[in-house]
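Count along the sequence shown starting at 1, add 3, and that's the number in my numbering.
Here's the structure we're looking at; comments come further down.
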Amino acid sequence: MFVSRREFCRTILGVAAGASFAGKDWTSHADEPTIKVDCHTHLYDPSRPQGVPWPGKDDDVLYRTVLPKQFLEQAAPVGVTKTVVVEASPWLEDNAWLLDLAPANPSIAGVVGHLSPGTPEFAGHLKRFSPNPLFRGIRVSHNDLQAGLNRPEYLGDLRRFSEQELTLDVNGGPDMPPVVARLAEQFPDLRIVINHLANVDNDGGPPPRDWLTGMRSAAKFPRVYCKVSALVEHAKPKSGSRKAPDDVGFYRPILDAAWATFGEDRLIYGSNWPVSDRFASYKTLFTIVDQYVRTLGHGSAEKFYAKNAQVAYGIRL
């Protein structure tokens with residue numbers, strides 16, 4: 004059994020017994036979080052001479068120009084004006100391409116790059132990109148991490164990476180959090196961000212027990228954070244409908260569990276846009292999360308949308 008949202012708010016946030024944030028109206032302009040950061044987007048441009056390695060030309064939804072202009076067209080109307088971009092391309096020079104976009108696009112608050120620890124080239128690539136203050140870390144897959152924890156060269160690169168005060172995003176399935184816990188135990192100073200709530204499927208009911216146990220094991224380490232992202236991608240209604248529900252109640256059990264596990268200081272907002280467009284509009288996915296977070300009070304929302312991102316990624320806003 005996980006702690007309910009209301010019980011969690013009373014315990015952690017010091018709300019008097021019997022009180023609830025659910026009825027609190029903080030929708031006035033003065034109460035809005037001043038900055039909202041989307042900590043998980045992808046940018047790419049198939050019209051470049053070299054094209055893109057992803058998405059493929061046959062992808063009717065994603066194969067299009069996706070740059071800061073397009074991001075702001077979707078996000079700015081709901082108040083999101085900054086993003087941490089996660090590089091999905093395996094091409095080395097696409098790290099530079101993203102960093103080169105940033106000076107003319109202040110919406111880019113940081114870049115999570117794509118480099119491969121445990122390879123002979125890693126140290127040189129890290130030395131090249133890490134001096135750029137917008138280069139905030141890299142993302143690795145669960146499988147690569149799990150294999151790498153048994154390789155001295157991989158561990159050596161992670162140690163070198165950790166010394167740079169950069170952040171490691173980890174993407175994987177629901178069985179990934181215990182591996183993150185192993186990593187955090189070996190590198191207690193390394194900032195780690197679990198992507199997409201560990202990609203757990205959600206049918207609107209209580210989350211899987213194994214997922215919850217794994218997330219709790221990772222959350223024991225104070226430098227492990229979690230992105231509330233890819234929510235609509237993993238919505239699996241019991242009705243069998245392929246459309247992601249837009250009712251916050253459907254997502255409440257998974258959000259309650261995440262909030263009770265990581266608390267208000269280590270959950271971060273992310274969309275996974277434009278991949279999320281396969282399942283819901285940006286406005287819809289943001290509204291789902293926003294309706295939930297608003298019940299937790301202004302201070303929690305400020306942390307969720309910006310302050311936690313500043314700590315987790317070391318970004319300047």
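We treat Cβ as the ideally placed atom computed from N, Cα and C, and that holds for glycine.
Residue closest to residue i, alpha-carbon to alpha-carbon, out of the options
i, options, result
"V143", "Y157, L102 and M218", "Y157"
"V231", "M218, P93 and P49", "M218"
"S133", "R319, A107, T170 and P36", "T170"
"G175", "D204, L70 and P191", "D204"
"G208", "K241, D178 and C229", "K241"
"Q73", "K60, P56, D63 and S110", "S110"
"A126", "A150, P93, N153 and E166", "E166"
"P120", "T264, G151 and E96", "G151"
"F190", "I318, A247 and E168", "E168"
"P80", "T287, L320 and R319", "T287"
"E90", "T84, G82 and L101", "L101"
"A315", "C42, T37 and F253", "C42"
"R245", "A283, V83 and M179", "A283"
"F265", "C229, E236 and A107", "C229"
"G243", "D206, L148 and P36", "D206"
"T84", "P36, N98 and D147", "P36"
"L137", "T86, L215, Q149 and R255", "T86"
"N135", "L148, N98, Q149 and H145", "N98"
"N275", "H145, N202 and M179", "N202"
"G273", "D147, Y308, F253 and D249", "Y308"
Distance between beta carbons of residue j and residue i, contact taken as under 8 Å
i, j, result
"R226", "L200", "Incorrect: roughly 18 Å between the Cβ atoms, too far for contact."
"R139", "G113", "4 Å"
"P306", "D280", "Looking at the sequence shown, residue 306 is not Pro but Lys. K306 to D280, Cβ: 27 Å. No contact."
"A312", "V69", "Contact flag wrong, Cβ pair sits at about 21 Å."
"L234", "V292", "7 Å"
"H128", "L95", "7 Å"
Pairwise C-alpha distance: residue j and residue i
i, j, result
"F24", "G302", "Reliability of the predicted coordinates at F24 is poor, the pLDDT of 30 falling under 50, and the value obtained from them is presented with this limitation in mind. So the two alpha carbons sit approximately 12 Å from each other."
"P210", "R163", "36 Å"
"R185", "G159", "15 Å"
"Y45", "D103", "It is worth fixing the name first, because residue 45 is His in this sequence and not Tyr. Those two C-alpha atoms are separated by around 15 Å."
"A105", "D213", "40 Å"
"P277", "T122", "30 Å"
"R13", "L258", "At R13 the pLDDT is 37, less than 50, meaning the model places this residue with poor confidence and gives no usable figure here."
"H117", "V88", "11 Å"
"K310", "I271", "9 Å"
"E124", "L75", "35 Å"
"Q53", "I141", "23 Å"
"P177", "H237", "11 Å"
"P71", "N108", "7 Å"
"G300", "G317", "24 Å"
"D63", "P155", "43 Å"
"G82", "I38", "8 Å"
"H145", "L215", "17 Å"
"M179", "N153", "16 Å"
"D147", "V115", "17 Å"
"R255", "D249", "12 Å"
"R319", "Y47", "23 Å"
"F253", "A304", "20 Å"
Reduced DSSP category for residue i - H, G, I as helix; E, B as strand; rest coil
i, result
"V182", "helix"
"W94", "coil"
"T68", "coil"
"V55", "coil"
"A238", "strand"
"I197", "strand"
"R154", "coil"
"A79", "helix"
"S133", "coil"
"S244", "coil"
"G252", "helix"
"G112", "The sequence as given places Ala at residue 112; Gly does not occur at that position. Correct three-state label for A112: strand."
"I318", "coil"
Same chain, Cβ closer than 6 Å to residue i, neighbours up to 5 away in sequence not counted
i, result
"F224", "A187"
"Q77", "Y285"
"P181", "G217 and S220"
"W289", "What sits at residue 289 in the sequence shown is Phe, not Trp. Around F289: V81."
Close Cβ partners of residue i (< 7 Å) along its chain, the five nearest in sequence each way excluded
i, result
"V183", "V173, I195, I197, A221 and V227"
"Q294", "V251"
"Y1", "Residue 1 cannot be examined here, being either before or after the span of the chain that is shown, 4 to 320."
"A247", "V235, A238, F282 and A283"
"Q149", "V182"
Cutoff 8 Å; reference residue i; Cβ partners in own chain excluding five residues on either side
i, result
"P93", "P56 and H117"
"A261", "L200, M218, C229, V231 and L270"
Short CB-CB distance (under 8 Å) between residue i and chain B
i, result
"H45", "No chain B appears in the structure shown, which is made up of a single protein chain."
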